[in-house]
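*Asks:* Taken in sequence, the protein lines are chains E and X.
3 is the number of the first residue of the first sequence in my numbering; add one for each residue after it.
2 is the number of the first residue of the second sequence in my numbering; add one for each residue after it.
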Amino acid sequence: MDLVTLWFWLIALSFTLYFFLEGFDFGVDILRPTLARTEAEERALTGTIGPFWDGNEVWVIAAAGLMFSTFPVWYGAVFSGMYPLFVLILLALLLRGVSFEYRNQVDSPRWRAFWDWMSFGGSVVPSFLWGVIMAKIIEGLPVTAEGRVHGGFAEMFTPFSIVGGVTTLLLFMLHGANFLLLRLHKDTVLYDRARTAALRWGALATVAIVAFVVMGYVTENLFEDFGFASWVFPVAAFLTLASIWLALSRRRDTLAFTMSGLTVLFATVTVFIALFTRGEVLPSTLDPAFGLTLQETASQHYTLVLMTWVGGIFLPLIIGYQIWNYYVFRERVRPDEGALTHGY
Amino acid sequence: MRVDVVDLSRFQFASTSIFHFFFVSLTVGLAFLIAVMETIAFVREDRRELYEKMTNFFGHLFLINFAVGVVTGIVQEFQFGMNWSEYSDFVGNIFGVPLALEVLMAFFLESTFIGLWWFGKDRLKPWMRLASIWLVAVGTQISAFWIVLANAWMHHPVGYEVVDGQARLTDFGAVVFNYKAWLYFAHVQGSAWVIAAFFVLGISAYHLLRRQDTEVFSRSLLIGLVFAAIGTVFSIVSGHTEAQVAVEDQPMKFAAMEAQWETSDSPAPWSMVAVIDQEGQRNSFNVEIPFVGSVLAYNSLEGRYQGLVPLNEEYQRLYGEGDYIPPVAWVYWSFRIMVAIGSLLLATAFLGLFLWWRRRQRLDTTRWFLRALVLFIPLPWIANFTGWMVTEMGRQPFMVYGLLTVQEGVSPNSAGEVLAGLIGLWAVYLALIGLDVYLLTVTARAGIHRKPEAQLVAAPAPDYEGAGFQGYEKRD
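(1) I need the DSSP call for residue 148 (chain E), collapsed to helix, strand or coil.
(2) Mind listing the chain X neighbours of residue 312 (chain E)? Cutoff is C-beta to C-beta under 9 Å, in chain order.
(3) Of all the residues that make up the stretch 298-309 of chain E, which are near chain X by a beta-carbon distance shorter than 8 Å?
(4) Which bits of chain E does residue 12 (chain X) rub up against, with CB to CB less than 7 Å?
(5) Against chain E, does residue 89 (chain X) count as a neighbour if the rule is that its beta carbon must be under 7 Å from one of theirs?
(6) Counting contacts by CB-CB distance shorter than 7 Å, is residue 329 (chain E) in contact with chain X?
(7) Would residue 455 (chain X) count as contacting chain E if we go by Cβ distances under 7 Å?
(8) Near residue 291 (chain X), what residues of its chain come up, given a Cβ to Cβ distance below 6 Å and the 5 sequence neighbours on each side ignored?
(9) So, residue 275 (chain E) versus residue 243 (chain E), is the Cβ gap smaller than 7 Å?
(10) From the DSSP output, which residues share a beta bridge with residue 109 (chain E)?
(11) Which value, in whole angstroms, describes the spacing of the CA atoms of residue 329 (chain X) and residue 34 (chain E)?
(12) Alpha carbon to alpha carbon, how far is residue 423 (chain X) from residue 126 (chain E)?
(13) Specify the secondary structure class of residue 84 (chain E) as computed by DSSP and reduced to three states.
(14) To the nearest angstrom, how far is the alpha carbon of residue 283 (chain X) from that of residue 185 (chain X)?
(15) Residue 94 (chain X) touches chain E at which residues, Cβ-Cβ below 9 Å?
(16) Taking residue 70 (chain E) as the reference, give the member of X:300, X:178, X:128, X:104 with the closest Cα.
(17) Return the CA-CA distance between residue 254 (chain X) and residue 395 (chain X), expressed in angstroms with no decimal places.
(18) Can you pull the DSSP bridge partners for residue 286 (chain X)?
(19) Evaluate residue 9 (chain X) with the Cβ neighbour count: other Cβ atoms within 10 Å of its Cβ, from every protein chain shown; 16 or more gives buried, anything less gives exposed.
(20) What's the call for residue 417 (chain X), buried or exposed, on a 16-neighbour Cβ count within 10 Å?
(21) Whose C-beta lies closer than 6 Å to the C-beta of residue 189 (chain X) among residues of the same chain, with five residues either side of it excluded?
(22) Between residue 413 (chain X) and chain E, is there a C-beta pair that is closer than 7 Å?
(23) Taking buried to mean at least 16 other C-beta atoms within 10 Å of its own C-beta, is residue 126 (chain X) buried or exposed?
(24) State the DSSP-derived secondary structure class of residue 455 (chain X), mapped to helix, strand or coil.
(25) Taking only beta-carbon positions, decide if residue 191 (chain X) is within less than 7 Å of chain E.
(26) Give me the residue from X:241, X:154, X:178 with the minimum Cα distance to residue 168 (chain X).
(27) Have a look at residue 157 (chain X) and residue 71 (chain X) and give me their C-alpha separation to the nearest angstrom.
(28) Counting pairs of beta carbons, one from the stretch 92-99 of chain E and one from the stretch 311-329 of chain E, are three or more of them closer than 8 Å?
(29) Tell me the residue span of the alpha helix (DSSP H) that contains residue 20 (chain E).
(30) Decide yes or no for the touch test of the stretch 62-78 of chain X against the stretch 19-37 of chain X: beta carbon pairs closer than 8 Å, at least 3 of them.
(31) Which runs of the alpha helix (DSSP H) fall wholly inside the stretch 94-139 of chain E and span at least 4 residues, in chain order?
(32) Does DSSP put residue 168 (chain X) in a helix, in a strand, or in coil?
(33) Which one or two residues does DSSP pair with residue 399 (chain X) in a beta bridge?
(34) Counting only C-beta atoms, is residue 177 (chain E) closer than 7 Å to chain X at any point?
(35) Please list the terminal residues of the continuous alpha helix (DSSP H) segment that includes residue 104 (chain X).
(36) In or out: residue 301 (chain X) buried (at least 16 other Cβ within 10 Å) or exposed?
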């Protein structure tokens, strides 16, 4: 495997880890208004992701940074080509990120309600838009002969990309609900509500992913030249998703979470396989010949060698200490009404 | 004036960087101070309670500010691709590497260990907590190093060759040991310490003036003074060297700092106040001090440096037609404001240390000095802002000095969408900066006895006194 291929897959890995990790913390924030009825429950739900969300979010910075250093042309094309979508994601992440810190700084119901909206909206918007972006990357953007890309806002929303967005949104909600099953104490009402939510949103997510794969296969002809892989990964994504229902009904929470994680993994890999087998990292909607290829968007060999050393040393280290972080905060959370009256 | 996509993108980049740096400079400096406070708490058993209170109080302030720095940093990184995709294509081989290194070596470290430090109070051993805050502190410095290295490469590109319209990396060692990068790093580092030190000083002084918790705040005052002294010396020495280096490698910037249109005499005077006429390429009014210009440029009582007009002609021969003179008035006045504030802060820090040496505990009641410290809290931020204006405005119209202009680096976006995005970002930035200042003020004023509510949001709930986390149970 040459370094260009290696780095293509390491970027795929960064995006996969990002969607896997931030997927559930987005999911928790999206579900919070429907699950929590009291202030203590609200705080318990936020508490399940409190020590983790920031470290999760860095994976998107990593994905972008690694893309910049190893595929600068691809990075520039994707980020400027979908400019309005990235602006919206950034605004959402800005407001959502500070909502964690700011929500409880002022003791007023309106203040808290405002930040609850920010964390809800700030999670819905990127969850949806990342799906749109991934769908647009396989569908293609108006890349010109000079390799310049500029897509208008309206062009971003095709039936296929909208279904892609809905799929990631629902998938993250399911993933978040499954994560809550691992983090909430089992004898709480919240835990039961999270289970119900997982079943409900899981069913819808299954429908969405079927629609996405069918559309990709039939109307967009996306999986034409994949050979073997054309069906393995989408089908695997469907199977893992369907198995969650079984796991949940047997109260196998860890299995359910693993399966929703695998669904995120397979879905992301499907996108990257679609690009890889065609050798095109960004197809052109203007003329198939204008699409950006893997080789022409990559950095020079020296840079890739350098990055391989850097990645080889730091990626395992990062994954290691992040796992330790999850281990340190492994206790299940329970809403504590008493704590609120004590003033903290 | 016609506003096009280049102007809008430049304005967006500048505003994002300035807003981002507003938060981040405090994070970078304060992380270090808090790590020192926590180390003292760890080592000095007899004074542990005091220093723990101090660490928790400033740690809470640190946390309010930290989140905003993180999220604005995402904008900072995405906008290279979003607004400057041609630039990204041109420099990706080189520029992407320090950015990726920053993420891998620093961002993960900071964002993971900040949580472990703050929320892990009752579940980590004390030495592990101490190690966590040090990892955060080291992470912030590493982060500052790589991003400043990337920035310095734009001012002074090294270790590259240009092949087919792309810069290719030839020597990564040269990029890492770019003298400009180390100078910039020293300067940014020093200024971050100054910001954090005067932040701690001002807040400590505020409480000392009210005679609240003097045993805690008199100690934080002393820590602040030491850091302020180190930070100001660092900034001023590195800043002075930067100016001298600019004479050699960015003469246009230096000439703009001095509003020197024609090549100066030897010995060169130093302009104190000038009315600058950019159109007419002259100063309509100028008050000059003899010799100081040469001292600034060469540490010598003689020596001339080139002026803007001859440099512009030289650049036109080198790089083709165009106007290579940066916005002189901006650079000139920003430089003066920065230097004035820097000198004032240097004097304040050493006066403070002198007073402490003469008066010891009585410094806590030296009210005029304490009042000045409270007033000085915003000054380092202004110096920081103006400093960035000098260095980045002075680089115009180049994006990568001598290689790529801003005109060539911009994305093929439409002005309308950039403007729409800019309005959205500005609205959020203004809200965030307002909230940050508001919450920092409220929390700082409330003093060490206020329970930090923020920590309950994010998991276990120990308070300043270290009570356990009732809401949590061990896994069954």
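Note that beta-carbon positions come from the ideal geometry of N, C-alpha and C, so glycine has one too.
*Replies:* Based on what the coordinates show:
(1) The residue given as residue 148 (chain E) occupies position 146 in the first sequence. Correct three-state label for residue 148 (chain E): coil.
(2) The residue labelled residue 312 (chain E) in the question sits at position 310 within the first sequence. Going along chain X in sequence order, the residues near residue 312 (chain E) (Cβ under 9 Å) are 98, 101, 102, 105, 106.
(3) Hits within the stretch, in order: 301, 302, 304, 305, 308, 309.
(4) In the second sequence, counting from the first residue as 1, residue 12 (chain X) sits at position 11. By Cβ distance, chain E contributes nothing, its closest Cβ being about 15 Å from residue 12 (chain X), past 7 Å.
(5) On the second sequence, position 88 is the one that residue 89 (chain X) refers to. Taking CB atoms only, residue 89 (chain X) has a neighbour in chain E less than 7 Å away.
(6) Here residue 329 (chain E) refers to the residue found at position 327 of the first sequence. Using a Cβ-Cβ cut-off of 7 Å, residue 329 (chain E) does not count as an interface residue toward chain X, since no Cβ of chain X sits closer than that to its own.
(7) In the second sequence, counting from the first residue as 1, residue 455 (chain X) sits at position 454. Any answer about residue 455 (chain X) is weak, because its pLDDT of 44 lies below 50 and its placement is not dependable; what the coordinates show is given next. Using a Cβ-Cβ cut-off of 7 Å, residue 455 (chain X) counts as an interface residue toward chain E, since at least one Cβ of chain E sits closer than that to its own.
(8) Translated into the one-based positions of the second sequence, residue 291 (chain X) becomes position 290. Sequence-distant Cβ neighbours of residue 291 (chain X) in its own chain, meaning closer than 6 Å and more than five residues away, are 270.
(9) Position 273 of the first sequence holds residue 275 (chain E). Position 241 of the first sequence holds residue 243 (chain E). No, the pair does not count as a contact, with Cβ atoms beyond the cut-off.
(10) Taking the first sequence and counting its residues from 1, one reaches residue 109 (chain E) at position 107. The partner list for residue 109 (chain E) (beta bridge, DSSP) is empty, contrary to what the question assumes.
(11) Translated into the one-based positions of the second sequence, residue 329 (chain X) becomes position 328. Translated into the one-based positions of the first sequence, residue 34 (chain E) becomes position 32. Residue 34 (chain E) has its alpha-carbon roughly 53 Å from the corresponding atom of residue 329 (chain X).
(12) Walking along the second sequence from the start, residue 423 (chain X) turns up at place 422. Walking along the first sequence from the start, residue 126 (chain E) turns up at place 124. Their backbone Cα atoms lie some 22 Å apart in a straight line.
(13) Within the first sequence, residue 84 (chain E) is the residue found at index 82, counting from 1. Three-state DSSP puts residue 84 (chain E) in coil, outside helix and strand.
(14) Taking the first residue of the second sequence as 1, we reach residue 283 (chain X) at position 282. Taking the first residue of the second sequence as 1, we reach residue 185 (chain X) at position 184. Approximately 30 Å, taken between the alpha carbons.
(15) Mapped onto the second sequence, residue 94 (chain X) falls at position 93. Taking the beta carbon of residue 94 (chain X) as reference, the chain E residues within 9 Å of it are 71, 74, 301, 302, 304, 305, listed in sequence order.
(16) The residue labelled residue 70 (chain E) in the question sits at position 68 within the first sequence. Residue 70 (chain E) has its Cα closest to that of X:104, out of X:300, X:178, X:128, X:104.
(17) Along the second sequence, read from residue 1 onward, the residue named residue 254 (chain X) stands at position 253. Along the second sequence, read from residue 1 onward, the residue named residue 395 (chain X) stands at position 394. Each residue's Cα considered, the two are about 4 Å apart.
(18) For the purposes of this step, residue 286 (chain X) is identified with residue 285 of the second sequence, where counting begins at 1. X:276.
(19) One-based indexing of the second sequence puts residue 9 (chain X) at position 8. With 16 or more Cβ atoms within 10 Å of its Cβ, residue 9 (chain X) is classed as buried.
(20) Taking the second sequence and counting its residues from 1, the one referred to as residue 417 (chain X) is at position 416. Exposed, because fewer than 16 other Cβ atoms sit within 10 Å of the Cβ of residue 417 (chain X).
(21) Position 188 of the second sequence, counted from the first residue, corresponds to residue 189 (chain X). Here the set comprises 145, 149.
(22) Along the second sequence, one-based indexing puts residue 413 (chain X) at 412. Residue 413 (chain X) belongs to the set of residues whose beta carbon lies under 7 Å from a beta carbon in chain E.
(23) As a working note, residue 126 (chain X) is residue 125 in the second sequence. Under this definition residue 126 (chain X) is an exposed residue.
(24) Start at 1 with the first residue of the second sequence, and residue 455 (chain X) comes out as number 454. Because residue 455 (chain X) carries a pLDDT of 44, less than 50, the predicted location of this residue cannot be relied on, and the following value inherits that uncertainty. Residue 455 (chain X) falls in the helix class under three-state DSSP.
(25) Locating residue 191 (chain X) in the second sequence gives position 190, where the first residue counts as 1. No, residue 191 (chain X) lies away from the interface with chain E (no Cβ there is under 7 Å from its Cβ).
(26) In the second sequence, the residue the question calls residue 168 (chain X) occupies position 167. Considering only alpha carbons, the answer is X:154.
(27) As a first step, residue 157 (chain X) must be located in the second sequence, where it is residue number 156. As a first step, residue 71 (chain X) must be located in the second sequence, where it is residue number 70. Pairing residue 157 (chain X) with residue 71 (chain X), the inter-Cα distance amounts to about 28 Å.
(28) Fewer than three beta-carbon pairs drawn from the stretch 92-99 of chain E and the stretch 311-329 of chain E are found closer than 8 Å, and the two stretches are therefore not classed as touching.
(29) Position 18 of the first sequence holds residue 20 (chain E). 5-37 is the extent of the alpha helix (DSSP H) around residue 20 (chain E).
(30) In the pairwise beta carbon analysis, the stretch 62-78 of chain X is classified as touching the stretch 19-37 of chain X: at least three pairs are separated by under 8 Å.
(31) Within the stretch 94-139 of chain E, no complete alpha helix (DSSP H) run reaches 4 residues.
(32) Taking the first residue of the second sequence as position 1, residue 168 (chain X) is located at position 167. In the structure shown, residue 168 (chain X) falls within a strand segment according to DSSP collapsed to helix, strand and coil.
(33) Taking the first residue of the second sequence as 1, we reach residue 399 (chain X) at position 398. According to the DSSP secondary-structure assignment, residue 399 (chain X) is paired through a beta bridge with X:406.
(34) Residue mapping note: residue 177 (chain E) aligns to position 175 of the first sequence, counting from 1. For residue 177 (chain E), the answer is no, since every Cβ of chain X falls outside 7 Å of its Cβ.
(35) Position 103 of the second sequence, counted from the start, is the residue given in the question as residue 104 (chain X). Neither: residue 104 (chain X) is in no alpha helix (DSSP H) and is coded neither H nor E.
(36) For the purposes of this step, residue 301 (chain X) is taken as residue 300 along the second sequence, with counting starting at 1. Exposed.
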